[in-house]
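Protein chains in written order, with the working numbering: chain R, -16 to 51; chain F, 861 to 1024; chain Z, 301 to 671. Even glycine gets a Cβ: it sits at the ideal position worked out from N, Cα and C. Quick caveat: nothing in here was measured; it's all calculated off a predicted structure. What follows is a single structure, written as structure tokens, with notes after it.
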Amino acid sequence: MTGTVAAIGAGLAVLGAGLGIGRIGGSAMDAIARQPEASGKIQTAMIIAAALIEGVALFGVVVGFLGL
Amino acid sequence: MDLITPDLGLLFWTGLVFVLLLFLLTKFAWKPILNMVNTREQKITEALELAEKTKAEMQQLAAQNEELLKEARATRDTMIKEAKSTADKMVEDAKSKAKEEAEKVIENARVSINAEKVAAVAELKAQMAAFSIEIAEKVVRENLSSDEKQKTLADKLVGEINLN
Amino acid sequence: MIGQNTIKSVLLAISVLLVSLVSFAETTHKKDELELEHEFDISGLIMHHIKDAHEIHLWGGAHDGVSIYLPIILLDNGTKVFSSSHLYHGEEMTAEDHATHETIHYTVGVGPAEGYALYHEKIYKLDNGELHFEDGHPHNAKPTSLSMTKNVIVLLIVALLVCWFAFSTAKYYKKNGAVAPKGIAKFIEPLVIFVRDDIAKDNIGEHKYMKYTPYLLTIFFFILTGNLLGLLPMLGANLTGNITITFFLAVCTLLATVFSGNKNYWKHIFATPGVPKPLLIIMMPIELVGILTKPFALMIRLFANMTAGHVIILAFVGIIFINKNIAWGALSVPMALFISVLEILVAFLQAYLFAMLSALFISAAVEEDHH
């Protein structure tokens, strides 16, 4: 039972992270389209931001681990 | 749960290994590597600067060469021009002098010829006169009695003679 | 740019190699599990893989397989050192859970391991010759263990690897002077310069970065090597996916931050400029907790990223054995391959992020007053 609840929680965390990373990716694309010469810097910033959001999502996964 | 509980034994080993690793790498790897990389970067910068400087110097030298060449060419041109004009002048001078000489000679010749001519004519006249008188004397001795008449006749005859 | 291309090509080569190895090894591993003809326990297998162990399991089943048994060092009334095989191949025991009344199997050590038992890779002291379970966990005392577990071995391998390539690079420069790098130095130098310029100098600033560059370099190469080694099969290493390791690294960053904090840094924590006095009572605890949450996030991020990667790869390969049909391989192998390639990116990314965020925290601590 705990496992199932943990799985649902992990799913929700992934949903949030997916939305967040999607937004970052979309904005980065916009920014690159607007300023192709700054694409390197934008990519770095994008990856960092995505990793930070992913980190938050992984907190969810860790809470899932707590139930195991 | 025990997946996210730190383990004391592993923590001990991690601490030991990591601190040793940090110490050894810092002392024997990162510092020498970073120093070398810095030195090399400096060397590259210096080499680039030197190259830039040399290039500028070379350019200056080339410009100087060009300048010198230009000057030399100009000097040569003027020299040639001068020589040419001198030569021309000399030729001209020589020509005019020669002409003058020639004219002088011709003039002299003409003058002397004229003088000779005049002298010759005078002499001729005198001789003619003498001849005429002689002739006339001879002729008139026979015909003329008086000297007066004879002379008048002779002058008249001489005057009639057109030598020209 | 040249450096980046080199990294790219090396990365590609490694990825191709690793992916083929990972998929192959995991598949063979799973086949043996299947032969046991038990219900295939995927979560048990995954948990076993990502947790620490007292043996390096090479291949085969639990009893007929080939393992390297690692030394166990216990501080329990003096130092006791013995091979873990005495625990793994000890006396089979069964016990009943006091709460759930389930039957639980465990092994009790024999020979030099007498008086100890191993249950789920944890060593317990025996009480009246047996373990007492409640809610699936033994309630016996645990002796202080400094055992050379699988992760300690992998830790040593990582340390030796990092030492090897760092020292060879240093030796190359020592021998040849400040010239363009060749061989191993050609691979290491761009990374060193990347850490120095893009991580240390960009974040900490022109004047103070030199002091922290060695720490950042060590942490970067340690995590990177650990991450990449974790993708190797056979060894089954999950070093950077182990909470103890990431905990220690995060503590290092925490200490580096706290001890390099200048007056300005502490002023911002205890008396944030521009905040009214009454609000400071609320702000101060928040800022103090903030000191801890940053490294805590570092710890969790690295641990969860690496562990999640291992779990996903194993889960994809496990599909074949859950369904007991090789045809599922057509789905699971390409997916596992894709995740493996992604994991190589993650290996670099997490090493970069850990070093980057460490540099960011340190830079906040050493930043001069700009107001």
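The bridge partners DSSP lists for Z/Pro371 are Z/Ser383. The three-state secondary structure of Z/Lys474, taken from DSSP, is helix. The criterion of a C-beta distance shorter than 7 Å is not satisfied by Z/Pro438 and Z/Leu374. For Z/Pro573, the number of other beta carbons within 10 angstroms of its own is below 16, and it is reported as exposed.
Close partners of R/Val45 in chain Z (Cβ separation under 8 Å): Ile600, Phe603 and Ala604. Nearest CB-CB separation between Z/Leu446 and chain R: not below the 7 Å threshold. Z/His507 carries a coil assignment under DSSP once its states are collapsed to helix, strand and coil. Exclusion of the five residues before and after R/Ala32 leaves Ile7 as the residues of its chain whose Cβ lies within less than 8 Å of its Cβ. If you ignore the 5 residues before and after Z/Asp352, its C-beta comes within less than 7 Å of the C-beta of Glu421, Thr449, Lys450, Asn451 and Asn542, all in its own chain and listed in chain order. Pairwise C-beta distances place the segment 616 to 633 of chain Z out of contact with the segment 544 to 560 of chain Z, as fewer than three of them are shorter than 8 Å. The C-alpha of F/Phe883 is placed about 19 Å away from the C-alpha of Z/Thr546. Secondary structure of Z/Ser447 (DSSP, three-state): coil. Using a Cβ-Cβ cut-off of 7 Å, Z/Val492 counts as an interface residue toward chain F, since at least one Cβ of chain F sits closer than that to its own. Annotation: Z/Asp376 has no Cβ neighbours in chain F at a cutoff of 7 Å; minimum Cβ distance is about 12 Å. Closer than 9 Å at the C-beta level to chain R, one finds these residues of the segment 648 to 668 of chain Z: Leu649, Gln650, Tyr652, Leu653, Met656 and Leu657. Considered as a whole, the segment 868 to 943 of chain F harbours 868 to 885 as its complete alpha helix (DSSP H) runs of no fewer than 4 residues, in chain order. Cβ atoms of Z/Phe603 and Z/Ile523 stay farther apart than 8 Å, at about 11 Å. Note on geometry: alpha-carbon atoms of F/Glu976 and F/Val1018 lie some 21 Å from one another. Within 8 Å of the CB of R/Ile31, the CB atoms of chain Z belong to Leu653 and Met656, in sequence order along the chain. In this chain, the alpha helix (DSSP H) harbouring Z/Ala647 covers Gly629 to Val666. Any Cβ of chain Z closer than 7 Å to the Cβ of F/Ile893 would place that residue at the interface, and such an atom is present.
Annotation: Cβ neighbours of Z/Ala608 in chain R (cutoff 9 Å, chain order): Leu41 and Val44. As the crow flies, the alpha-carbon of R/Gly(-1) is around 12 Å from that of R/Phe42.
At a cut-off of 7 Å between beta-carbon atoms, Z/Ala615 makes no contact with chain R.
Assignment of F/Ala989 by DSSP, reduced to helix, strand and coil, places it in the helix class. Counting of Cβ neighbours within 10 angstroms places Z/Gly536 among the buried residues, the total reaching 16 or more. In summary, the residues of the segment 465 to 477 of chain Z whose CB is separated from some CB of chain F by less than 8 Å are Ala466, Phe467, Thr469, Ala470, Tyr473, Lys474 and Gly477, in the order they occur in the chain.
Contact note: Z/Ala597 reaches chain R through Leu35, Gly38, Val39 and Phe42, using a C-beta cutoff of 9 Å and chain order. Taking 7 Å as the threshold, the shortest C-beta distance from Z/Phe547 to chain F falls below it. According to the DSSP secondary-structure assignment, Z/Tyr406 is paired through a beta bridge with Z/Met393.
Taking C-alpha positions only, Z/Ala597 is separated from Z/Gly530 by approximately 21 Å. Three or more Cβ pairs closer than 8 Å define a contact, and the segment 395 to 408 of chain Z falls short of that threshold against the segment 468 to 480 of chain Z. For Z/Phe382, the CB contacts under 6 Å within the same chain, skipping 5 residues up- and downstream, are Ile372, Pro412 and Ala413 in chain order. When DSSP states are grouped into helix, strand and coil, Z/Ala417 belongs to the strand group.
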